[in-house]
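Residue numbering for the sequence shown follows my numbering, starting at 34 and increasing by one per position.
Yeah, the Cβ is synthetic: ideal placement off N, Cα and C, and Gly gets one too.
Keep in mind that this is a model prediction, so the values were computed, not measured.
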Amino acid sequence: MKKRKLHPYIYIILTFVGVILAGTFLLMLPVASKSGESFGFVDAFFMSTSCVCVTGLSVMPNGVALDMTVFGKIVMIILMQIGGLSIITIAVFFFTILGAKIGVGNRLLLKEALNQNTASGLLRLVKKIMLISFTVQLIGTLINWYPIYEYRTVMMPNDPNNVIKALGISIYHSAAAFNNAGFDIFGPKSMEDFAANAGVVSDLSMVLINVSTMLMIVFGGLGFVVIDEILTCKSIKKLSLHTKITVIATAILIVGGALLVKITSNMGWMESFFTSITSRTAGFATYNMANLANQPAAFMVITSLMFIGASPCSTGGGIKTTTFAVIVISICYFATGRKARSFKRRLPAGQIFRAFILFVIAMGIVFFNSFLVAAIQPELEISKAFFEITSAFSTTGLSMGITTSLNDVNRVIVSIVMLLGRLGPLTVIGVLNKNWLADKNEEIQFVEESVMIG
Numbered sequence: 034m035k036k037r038k039l040h041p042y043i044y045i046i047l048t049f050v051g052v053i054l055a056g057t058f059l060l061m062l063p064v065a066s067k068s069g070e071s072f073g074f075v076d077a078f079f080m081s082t083s084c085v086c087v088t089g090l091s092v093m094p095n096g097v098a099l100d101m102t103v104f105g106k107i108v109m110i111i112l113m114q115i116g117g118l119s120i121i122t123i124a125v126f127f128f129t130i131l132g133a134k135i136g137v138g139n140r141l142l143l144k145e146a147l148n149q150n151t152a153s154g155l156l157r158l159v160k161k162i163m164l165i166s167f168t169v170q171l172i173g174t175l176i177n178w179y180p181i182y183e184y185r186t187v188m189m190p191n192d193p194n195n196v197i198k199a200l201g202i203s204i205y206h207s208a209a210a211f212n213n214a215g216f217d218i219f220g221p222k223s224m225e226d227f228a229a230n231a232g233v234v235s236d237l238s239m240v241l242i243n244v245s246t247m248l249m250i251v252f253g254g255l256g257f258v259v260i261d262e263i264l265t266c267k268s269i270k271k272l273s274l275h276t277k278i279t280v281i282a283t284a285i286l287i288v289g290g291a292l293l294v295k296i297t298s299n300m301g302w303m304e305s306f307f308t309s310i311t312s313r314t315a316g317f318a319t320y321n322m323a324n325l326a327n328q329p330a331a332f333m334v335i336t337s338l339m340f341i342g343a344s345p346c347s348t349g350g351g352i353k354t355t356t357f358a359v360i361v362i363s364i365c366y367f368a369t370g371r372k373a374r375s376f377k378r379r380l381p382a383g384q385i386f387r388a389f390i391l392f393v394i395a396m397g398i399v400f401f402n403s404f405l406v407a408a409i410q411p412e413l414e415i416s417k418a419f420f421e422i423t424s425a426f427s428t429t430g431l432s433m434g435i436t437t438s439l440n441d442v443n444r445v446i447v448s449i450v451m452l453l454g455r456l457g458p459l460t461v462i463g464v465l466n467k468n469w470l471a472d473k474n475e476e477i478q479f480v481e482e483s484v485m486i487g
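(1) So, under 8 Å CB-CB, residue 224 and residue 318 are touching, yes? Tell me the CB distance rounded to an integer number of Å.
(2) Enumerate, from N- to C-terminal direction, the unbroken beta strand (DSSP E) stretches of 3 or more residues contained entirely within the stretch 278–316.
(3) Check residue 93 in the structure and name its three-state DSSP category.
(4) Tell whether a beta-carbon distance below 9 Å holds between residue 290 and residue 338.
(5) What does the Cβ neighbour count give for residue 174, buried or exposed, with the cut at 16 atoms within 10 Å?
(6) Just checking my contact of residue 310 with residue 251 at CB under 8 Å: how many whole Å lie between their CB atoms?
(7) Which residue from 193, 172, 221 puts its Cα closest to that of residue 203?
(8) Determine the closest residue to residue 214 out of 71, 70, 205, 444, with distance taken between C-alpha atoms.
(9) Of all the alpha helix (DSSP H) runs that stay within the bounds of the stretch 362–433, which reach a length of 4 or more residues?
(10) For the structure I just gave you, are there three or more beta carbon pairs, one from the stretch 99–114 and one from the stretch 68–84, closer than 8 Å?
(11) In this structure, does DSSP put residue 189 in helix, strand or coil?
(12) Residue 44 by DSSP, collapsed to three states: which one?
(13) Can you give me the C-alpha to C-alpha distance between residue 400 and residue 406, rounded to a whole angstrom?
(14) How far does the alpha helix (DSSP H) with residue 106 in it reach, from first residue to last?
(15) Taking residue 195 as part of the alpha helix (DSSP H), name the residues at either end of that continuous run.
(16) Please classify residue 103 as buried or exposed, where buried requires at least 16 other C-beta atoms within 10 Å of its C-beta.
(17) Using a Cβ-Cβ cut-off of 7 Å (strictly less than) and excluding sequence neighbours within five positions of residue 165, which residues of its own chain qualify?
(18) Can you tell me whether residue 346 is buried or exposed, with buried defined as 16 or more other CB within 10 angstroms of its CB?
(19) At a cut-off of 8 Å, is residue 352 close to the ligand FAD when judged by its beta-carbon and the heavy atoms of the ligand?
(20) Exposed or buried, which one is residue 63 when buried takes at least 16 other CB atoms within 10 Å?
(21) Please report the distance separating the alpha-carbon of residue 352 from that of residue 459.
(22) Using DSSP with H/G/I as helix, E/B as strand and the rest coil, what is residue 34?
(23) Out of curiosity, what's the CA-to-CA distance linking residue 56 and residue 65?
(24) Is residue 325 near residue 221, with beta carbons less than 9 Å apart?
(25) Report the rounded CA-to-CA distance for residue 275 versus residue 336, giving the unit in angstroms.
(26) Can you have a look at residue 372 and say buried or exposed, based on whether 16 or more other CB atoms are within 10 angstroms of its CB?
(27) Can you tell me which residues form a DSSP beta bridge with residue 66?
(28) Can you have a look at residue 70 and say buried or exposed, based on whether 16 or more other CB atoms are within 10 angstroms of its CB?
(29) If you pair each beta-carbon of the stretch 419–434 with each one of the stretch 445–460, do three or more pairs fall below 8 Å?
(30) Check each candidate in 180, 331, 52, 392 and name the one with the smallest Cα separation from residue 232.
(31) Whole angstroms is fine: what's the gap from residue 487's alpha carbon to residue 415's?
(32) When DSSP labels each residue in this structure, what does residue 324 get in the three-state scheme?
(33) Closer than 8 Å is the cut-off here; do at least three beta carbon pairs connect the stretch 260–273 with the stretch 156–170?
(34) Quick check on residue 481: does DSSP put it in helix, strand or coil?
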């Protein structure tokens, strides 16, 4: 009897679910809680999912800093690293270090995990991913240490361990920033004390931690393939179409998003740029997002940025910058009666179709689950529920302050949405494809017949 091969997407889903459940068990241990009591399954499951899906939403009533022990925070860092890089990437890296042979099946699995079109050069890419990841985090840790140390000396002047604790917070913050996770251990106000108008730390410290955090978020969200190509390519003209579109779309979203946030809210320029960058799946906040209830235009801008998210093969979520770019380019060319193209390259019809399908499914997930959350807890404002679900799906982590108010059912719903967002809707529905090993051409050709559209 011929052995049936398991779909690689199933392996990917099972690895994420397995890591989430392992993290849930560890975070349920009393040693993870400062109160000495277990957080319970639902809360531990929510936090584990938020870490592995690099989201940043938290149900800790007093925040991670006050409710989690050092053990719990270490577990969270490990889960964030696994979630950002994926367990498959990390496992393959250590196997190659140990000299183990990576078979064809594992290479195929890795190709799908990294969203690559070919299995060629995957092992080299894995090594570069690990090198880039920990190099950026190390640099971020060193830069952020002084601002965090200054912050602690202001907030806790009598603590003799401020030097060591500032280092630990800096390591945690850098891991969360590069992996676009959005968790912080500064306190209930997130990074609001580091805003330009907060007056808590010096201007130098404020600029250092804001700029370094933004840069780490951008590096983590660009995608490892793009970073590798930029570092190794000798000429801009030789960059792939994917890299060109990714870089340009990212730049437009950052600058355009900052301008729109500035125009539609009462944020300063530093806060506007920080919010524009963090909204695309990072989740840190130097501004209280609850204020968006009175700023509907800013609410729409930030929600849209969250929905778009980061780039493919990155630590971020959302429908991705390239999906958004392909949709915009396709609409523009369709309006003029021409086939979509960019940089003198025609965009494949299959990819355009894939982009629109992803957009529609993502919108369906966000709207349906926003409806569910609001229906289960009618006391929640629908705008806040919509913001929360969009944040969960895009693995952003921003919240208008309702996360801790969610009941157990809604916490499970939000957890599932985070997992869907991290895996990607196309990965989940791709499991239904029974012909993933077969030729792409259908055996039976059907006669085409048009229907009226619009």
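Straight from the coordinates:
(1) Along the sequence shown, read from residue 1 onward, the residue named residue 224 stands at position 191. Along the sequence shown, read from residue 1 onward, the residue named residue 318 stands at position 285. Sure, about 6 Å apart at Cβ, within 8 Å.
(2) none
(3) The count along the sequence shown starts at 1 and reaches residue 93 at position 60. Residue 93: coil per DSSP, three-state reduction.
(4) By 1-based counting over the sequence shown, the position of residue 290 is 257. By 1-based counting over the sequence shown, the position of residue 338 is 305. Yes, they are a contact pair.
(5) Your numbering for residue 174 matches position 141 in the sequence shown. So residue 174 ends up on the buried side.
(6) As a working mapping, residue 310 is identified with position 277 in the sequence shown. As a working mapping, residue 251 is identified with position 218 in the sequence shown. Correct: roughly 6 Å between the Cβ atoms.
(7) Here residue 203 corresponds to residue number 170 of the sequence shown, with the count starting at 1. Per the Cα distances, 172.
(8) Here residue 214 corresponds to residue number 181 of the sequence shown, with the count starting at 1. The shortest Cα separation from residue 214 among 71, 70, 205, 444 belongs to 205.
(9) 382–409, 415–426
(10) yes
(11) Along the sequence shown, read from residue 1 onward, the residue named residue 189 stands at position 156. The answer is coil: DSSP assigns residue 189 none of H, G, I, E or B.
(12) As a working note, residue 44 is residue 11 in the sequence shown. Note: residue 44 maps to helix in three-state DSSP.
(13) In the sequence shown, the residue the question calls residue 400 occupies position 367. In the sequence shown, the residue the question calls residue 406 occupies position 373. Near 10 Å, if we compare the C-alpha coordinates of residue 406 and residue 400.
(14) The residue given as residue 106 occupies position 73 in the sequence shown. Where residue 106 is concerned, the enclosing alpha helix (DSSP H) stretches over 103–118.
(15) Locating residue 195 in the sequence shown gives position 162, where the first residue counts as 1. Residue 195 -> alpha helix (DSSP H) spans 195–211.
(16) As a working mapping, residue 103 is identified with position 70 in the sequence shown. Flag for residue 103 reads exposed.
(17) As a first step, residue 165 is located in the sequence shown; it is residue number 132 there, counting from the start. Once the five neighbours on either side are set aside, the close Cβ partners of residue 165 are 257, 260.
(18) Counting from one through the sequence shown, the residue named residue 346 turns up at place 313. With 16 or more Cβ atoms within 10 Å of its Cβ, residue 346 is classed as buried.
(19) In the structure shown, the ligand FAD is absent, as is every other ligand, since no ligand is present at all.
(20) Here the question's residue 63 lines up with position 30 in the sequence shown. Counting Cβ neighbours within 10 Å, residue 63 comes out exposed, since fewer than 16 surround it.
(21) Against the sequence shown, residue 352 aligns to sequence position 319. Against the sequence shown, residue 459 aligns to sequence position 426. Looking at the two C-alpha atoms, the distance is approximately 10 Å.
(22) On the sequence shown, position 1 is the one that residue 34 refers to. In this prediction, residue 34 scores a pLDDT of 44, lower than 50, which makes its location untrustworthy; no coordinate-derived value is stated.
(23) As a first step, residue 56 must be located in the sequence shown, where it is residue number 23. As a first step, residue 65 must be located in the sequence shown, where it is residue number 32. Distance between the alpha carbons of residue 56 and residue 65: 11 Å.
(24) Within the sequence shown, numbered from 1, the residue matching residue 325 stands at position 292. Within the sequence shown, numbered from 1, the residue matching residue 221 stands at position 188. No; because the gap between Cβ atoms is not below 9 Å, this pair is not in contact.
(25) As a first step, residue 275 must be located in the sequence shown, where it is residue number 242. As a first step, residue 336 must be located in the sequence shown, where it is residue number 303. Those two C-alpha atoms are separated by around 25 Å.
(26) What you label residue 372 is simply residue 339 of the sequence shown in a count that begins at 1. Answer is exposed; the Cβ neighbour count stays below 16.
(27) The count along the sequence shown starts at 1 and reaches residue 66 at position 33. According to DSSP, residue 66 bridges with 101.
(28) The residue you call residue 70 lines up with position 37 of the sequence shown. Residue 70 is exposed by the Cβ-count criterion.
(29) yes
(30) Translated into the one-based positions of the sequence shown, residue 232 becomes position 199. For residue 232, the nearest C-alpha among the options comes from 180.
(31) For this step, residue 487 is matched to residue 454 along the sequence shown. For this step, residue 415 is matched to residue 382 along the sequence shown. Distance between the alpha carbons of residue 487 and residue 415 is about 30 Å.
(32) Start at 1 with the first residue of the sequence shown, and residue 324 comes out as number 291. Correct three-state label for residue 324: helix.
(33) yes
(34) To locate residue 481, count along the sequence shown from 1; it is residue 448. If DSSP states are grouped into helix, strand and coil, residue 481 belongs with coil.
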